[in-house]
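Numbering (UniProt numbering), first residue to last: 1 to 140.
Note that the Cβ used here is the ideal one computed from N, Cα and C, for glycine as well.
Remarks on the structure that follows.
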């Protein structure tokens, strides 16, 4: 096999891994499937009175890098939205918590109500409008 073919195969395999690991906008809705209250409290503390949005990411994930400025801008435009927890899956306890929520790709969002119950979970980059929708789920 020539060096060019090996290099092309390597690049294709690498791209496939990145795309599968960081796929965009493949939503998954789960209701009532939450980790135990003890697991949640150990990782993030007690959910806020109005609920909490968990954002799982990895620093080197291309989709997460795309999400970061959108989320930062959205948070600066919504100072009342202090209930977003950013959790890097490079830390083992965060990775384990993400798995209990059924994380199957990153970036991954979970919306918890005031009782710590999951009202939404899904992976993919979110626009500002989609972040507004996640925030609205806390009011439901």
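Distance, residue j Cα to residue i Cα
i           : j           : result
residue 68  : residue 55  : 10 Å
residue 89  : residue 4   : 35 Å
residue 85  : residue 109 : 10 Å
residue 103 : residue 2   : 39 Å
residue 111 : residue 135 : 8 Å
residue 123 : residue 80  : 24 Å
residue 121 : residue 87  : 14 Å
residue 61  : residue 98  : 16 Å
residue 139 : residue 133 : 10 Å
residue 72  : residue 92  : 24 Å
Cβ neighbours of residue i in the same chain (closer than 8 Å, five flanking residues each side left out)
i           : result
residue 64  : 22, 57, 58, 106 and 107
residue 70  : 125, 126, 127, 128 and 131
residue 169 : Look at the range of the chain in this structure, 1 to 140, and you will see that residue 169 is not part of it.
Cβ neighbours of residue i in the same chain (closer than 7 Å, five flanking residues each side left out)
i          : result
residue 95 : 89
residue 74 : 128 and 131
8 Å Cβ cutoff, residue i in contact with chain D
i          : result
residue 91 : Here there is only one protein chain, and chain D is not present.
Beta-carbon separation (whole angstroms), residue i vs residue j, contact threshold 8 Å
i           : j           : result
residue 119 : residue 137 : 5 Å
residue 52  : residue 83  : 5 Å
Close beta carbons around residue i, own chain, < 6 Å, minus the five adjacent residues each side
i           : result
residue 113 : 51 and 119
Which parts of the region 48 to 81 are runs of the beta strand (DSSP E), unbroken and 3 residues or longer, counting only runs that do not cross its ends? Fully enclosed beta strand (DSSP E) runs of 3 or longer: 52 to 57.
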